[in-house]
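Protein chains in written order, with our numbering: chain A, 905 to 1172; chain B, 11 to 380; chain C, 836 to 1150.
No residue lacks a Cβ here, since even glycine has one placed at the ideal position from N, Cα and C.
As the structure is a prediction and not an experimental result, all values here were calculated from the model.
One structure is given below, encoded as structure tokens.
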Amino acid sequence: MKGGWFRGYTIFYLIFLYAPIVLLPIFAFNNATTIAFPLNGFTTIWFSKLWDDPALHQALKNSLIIGCSAAVISTCLGVFASRASSRYAFPFKTPLMGLIMLPLVMPDIILAVALLTVLLGIGMPLSLFTVILGHVLVCTPFSIAILSAAFQSLDQSLEEAAYDLGETPISAFRLVILPLVLPGIISSLLITFTISLDEFIMAFFLAGNENTLPVYIFGQFRFPQNVPVILALGTILVCLSIALLATAEYFRRRGLAKTGGKGTGGFL
Amino acid sequence: MTSETSTAADQTMIEFKDVHKYYGDYHALRGITATIKAGEFFSLLGPSGCGKTTLLRTIAGFEGISSGVVMIDGKDMANVPANVRPTNMVFQSYAIFPHLTVEQNVGFGLRKDPRSAAEKAKAVAEALEMVGLKGYGARAAHALSGGQRQRVALARALILKPKVLLLDEPLSALDKKMREQMQMELIKLQRQVGITFILVTHDQEEALVMSDRIAVMFEGEIVQLADPETLYRRPNSRKVADFIGTMNFLPADILSEVEGKVEVEAKGFGRLTLDAEQVSVAPGSSGASIGFRPETLTILFDGQTATDRESKAEVVEVVYYGDMTYYDIKLEGTTEPMRLSMRNVFGRPVLDIGTQTRVAWSPGALVLFR
Amino acid sequence: MQSKPKVRFRGSEAANGLLMISPTAIYAILLLAAPLGMILVYSFMTDGYLQIIPKFQLCNYFGECHSYKDVNGVLTESQTYKGVWSDPLALTLMWRSLMISMVVTAVTVLLAFPVAYYVSFYVAPSKKSLWLFLITIPFWTSYLIRVFLWKVILGTGGPINFGLLEIGLIQEPITWLLYNVNSVVITLAHAYAPFAILPIFVSLEKIDRSFLEAGRDLGESPFMTFWRVTLPLAMPGVISSVLIVFIPTIGDYVTPSLVGGPEGKMVANLVELNYKKLDNYPLGSALAVSSMALVMAVSLLFLFLNRRFLRGNKR
């Protein structure tokens, strides 16, 4: 068989990758407080307990506010940066793009303490807003990675054709560029939202007295009796993430198909 | 369908006055001065990087110029942006909007047109019919073949009735058969609409076939601007001669020059006198030489005699092409082989390598480069 | 008439480009470059109670430092602490973090290469996106919960111990899997897997398949073709994989906190301690700066050693 050994190895590797995700629902539906084998029968009690935890609801609300804001802001910033980098040559392009993409490799904790230092230095109180600032920083590089593919597969003569046919730069952008990169924008919104929803370190340092979902989850790990509820929550979050990602992937591919680009880059 | 401008035969449509264009230190256009007449099929021909596309884009308004003047229909285009210029372009990649249907593509430029929707739809249908795409209106643009995209691009540009249609290597992406078909269609279309067509191409054959006049460009300059026949028969420099078709060069000595007539001597041809129009203006670097096209020499078979002059020659290479045979011959007294082409006629033998033969030629078909 | 170069619809390209990128660039400068500069400055300042005293000193890095306290309006020395490079605990944690990062990087990249190779060379082009999507999904799903589940998997009641006990291979649950460096390495290798696969995949995709046929045609065995043609051409991707795994892992906080135990703590835990609990920003900053400097030094050394693979790779 073609690539037999590699295929076997890759499937084994995928099992390794998916092991935690597969275990998650098993324990979330297991009727026991301790997270261990052997299993003790099926229950949905952990899911129903999610409904009567006001702290969780507050954390969820905060995370949604942060996620939506960070997604919108970072995607806007991503549009500017990826359009600039794919369309124009300008001085300091490499260092500027390097700086903007830096959070992709920087350990989050360094970014978080650096931001914390400055925010406290200028006397800004920690709140959801400061978490949004941090999340935008983390999400923008991902947005640019997605949108650059969309912008780069645009033939520049499409824009020129629109000018040539009497449109102004603004109407050309609206009538030609925007419809073609829209799938990329939707994809970016979904991905950045997913990242923000899952981001822990920035929120841990910058949220002050507020909680986000990951900060709440991290706190609950200290109380073993609460862990099954967290796993139930995790199951829901994982399903939500996969749904969001699948939608994002659908839009990303549709966008590339529209502009005639190739669809094999993944998200990064 | 009538064009808005009166296309009187010799009216000037586009005028370049000493146009220069720099990209940083790179001098892309070096003093272009030329006029293009209304209703003309005009080609900009040259190798890649010669500035022909840049020049086309200065007409469209996509490139600014560093100095000089570009006039379209008597108006200086200095402050006129691309979207209000009376020109439309067919892009090399066709730039068909992939998210729109064929109809929406063709009608794209009519958005601000005050006509009613029904009238616009009629104009779109007419334009599609004109380019042979009747009934394709509802198709998605990304489902079209190369040739069809080309036609959509043409219809989209022509529907706005521009004064000038700019074509940037429009046929380069098509296969040979399709290209030849589109060449014919473009010529017919241009005659039908009477609009000035400006074609950028690196394909000399395409330029010769389609154009009324051709500007040959090298390194940012127009080196010769002439009709196809003049360009082919009387290239004004070895470079142009080399670029367009095949030309043989035979070293020659200039003996005298009287009132434009030049007396030269070349081994193989002997002593002859050439008219002023046969002498190139641009001086070459490697000494004088006589140039001639492969088809201007004819092999004489037994019993045939030359109507003008004849020389002795030896066949050194034979390449059989079906309709034609190409011979490399050495004229008597010369060392370099010269390329000669003969149309194959039934019953006439193809000569073997080493055959001693005679060739007929005429001094009028020669060009002198110095 | 001489007309100056006119500003057409494009304007000057440089100006338009800068204008276009300015919102993002300004954001990054204000909230990324400036803060990073700020912790560099802080790392040379003096620690006061709930404030920073702008007095330049090197002791956050070397030697002994004093924290100050505001006692009735007078700054008084309150506590002494050791600078990062003089503190055995900080040195241990930095050294351990560096080692863990290197092992994680090596493990992740080595394990990832065959996967990238399989997807690039054996999967049909139409299925490649699907495979990549499958590989990336776990990466995007709740990091905290994934790490916690590794704690379960490796723990005494986890599937590994349960399975081994059931089949009778062991009598007692094995405990050396969790709360040490092993568990940190396994968990991090899992977390950064897609990061390692994607760059390698991209560089493998760029290899013109006719090179490989040429290699075979010139009489090389499949293995030698891989060694002499494929691997050198894939090296740029391997190098970016290494960096993209190595740099962030050294600063990971969640994994050592949850599965590391006391033996598996890393430098990020100490940074957090100094920032959140001890409120010693200068020392925390010095620690952050030091570990980043360490990472940069190792990365640059790595790039230098591999420079021949990167040459002529400019696009």
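Buried or exposed by the 16-neighbour rule on C-beta atoms within 10 Å, applied to L168/B:
buried
Helix, strand or coil at A850/C [DSSP, three-state]:
helix
Burial state of D333/B (16 or more Cβ within 10 Å):
That one is exposed.
At the level of alpha carbons, what is the spacing between E1055/C and M1070/C?
20 Å
Would you say V1080/A lies against chain B (beta-carbon separation less than 9 Å)?
yes
Kindly indicate which residue of E287/B, E267/B, G278/B and R358/B has the alpha-carbon position closest to the one of L310/B.
R358/B
Please determine whether the Cβ atom of S182/B lies at a distance below 8 Å from any heavy atom of the ligand MN.
The ligand MN is not part of this structure, which contains no ligands at all.
What is the DSSP secondary structure of H37/B, counted as helix, strand or coil?
H37/B: strand per DSSP, three-state reduction.
Quick one: which unbroken alpha helix (DSSP H) runs of 4-plus residues sit fully inside the stretch 227–269 of chain B? Chain order, please.
Counting only runs of 4 or more residues that sit fully inside the stretch 227–269 of chain B, the alpha helix (DSSP H) segments are 238–243 and 248–253, in chain order.
Confirm, please, whether the CB-CB distance from S372/B to T317/B is below 9 Å.
yes
Which residue marks the beginning of the beta strand (DSSP E) containing C900/C, and which one marks its end?
E899 to V906
Residues sharing a beta bridge with I300/B, DSSP:
L260/B and L378/B
Taking DSSP as the reference, what is the three-state secondary structure of L928/C?
Three-state result, L928/C: helix.
At least one CB of chain A closer than 9 Å to the CB of K85/B: is that the case?
Look at K85/B: its C-beta is not under 9 Å from any C-beta on chain A.
Are the C-beta atoms of G1096/C and some chain A residue less than 9 Å apart?
Chain A contact via Cβ: absent.
If you measure beta-carbon to beta-carbon, which residues of the stretch 1062–1074 of chain A are closer than 8 Å to chain B?
L1062, E1064, A1065, A1066, Y1067, D1068, L1069, G1070, E1071 and T1072
Provide the residue span of the alpha helix (DSSP H) that contains A1049/C, from first to last.
Counting along the chain, the alpha helix (DSSP H) containing A1049/C begins and ends at R1044 to D1052.
Do you know offhand how far S221/B's Cα is from E239/B's?
10 Å
At 7 Å on the CB atoms, spell out the chain D contacts of T859/C, in chain order.
In the structure shown, chain D does not exist; the protein chains are A, B and C.
Cβ separation of F259/B and R243/B, assumed to be a contact under 8 Å, to the nearest whole Å
Not quite, the Cβ-Cβ distance comes to about 16 Å (not below 8 Å), so this is no contact.
Return no unless some Cβ of chain C is closer than 9 Å to the Cβ of G971/A.
no
Quick check on the DSSP output: the alpha helix (DSSP H) that includes A932/A runs from which residue to which?
Here the alpha helix (DSSP H) through A932/A covers G908 to A932.
Using a Cβ cut-off of 9 Å, pull out every chain A residue sitting near A127/B, in sequence order please.
Simply none; closest approach about 17 Å.
With 16 other Cβ atoms within 10 Å as the buried cut-off, status of R1063/C:
exposed
Within 10 angstroms of its Cβ, does E1048/C collect 16 or more other Cβ (buried), or is it exposed?
exposed
So E327/B and D338/B are supposed to be a Cβ contact under 8 Å. How far apart are they, rounded?
4 Å
Could you say which of A150/B, K187/B, K186/B and I197/B lies nearest to L164/B if we only look at CA atoms?
I197/B
Three-pair Cβ contact test at 8 Å for the stretch 1093–1105 of chain C versus the stretch 1029–1043 of chain A
Three or more beta-carbon pairs separated by less than 8 Å are not found between the stretch 1093–1105 of chain C and the stretch 1029–1043 of chain A, which leaves the two stretches without contact.
Inspect the CB distances between the stretch 872–888 of chain C and the stretch 994–1006 of chain A and report whether three or more fall short of 8 Å.
no
With a cut-off of 9 Å, does the C-beta of R1051/C fall near any C-beta of chain A?
no
Identify whether D956/A lies in helix, strand or coil by the three-state DSSP scheme.
Note: D956/A maps to helix in three-state DSSP.
Could you say which of N1130/A, A985/A and F1155/A lies nearest to D956/A if we only look at CA atoms?
If we check each option's Cα against that of D956/A, N1130/A comes out closest.
Can you give the Cα-Cα distance for I254/B and Q102/B, rounded to whole angstroms?
22 Å
Going along the chain, which residues of the stretch 1048–1059 of chain A sit with their C-beta nearer than 7 Å to a C-beta in chain B?
D1059
Going along chain A, which residues have a C-beta under 8 Å from T976/C?
I925, D1102, L1141, V1142, S1145 and I1146
Segment limits, alpha helix (DSSP H) that includes G142/B:
For G142/B, there is no enclosing alpha helix (DSSP H), as DSSP marks it with neither H nor E.
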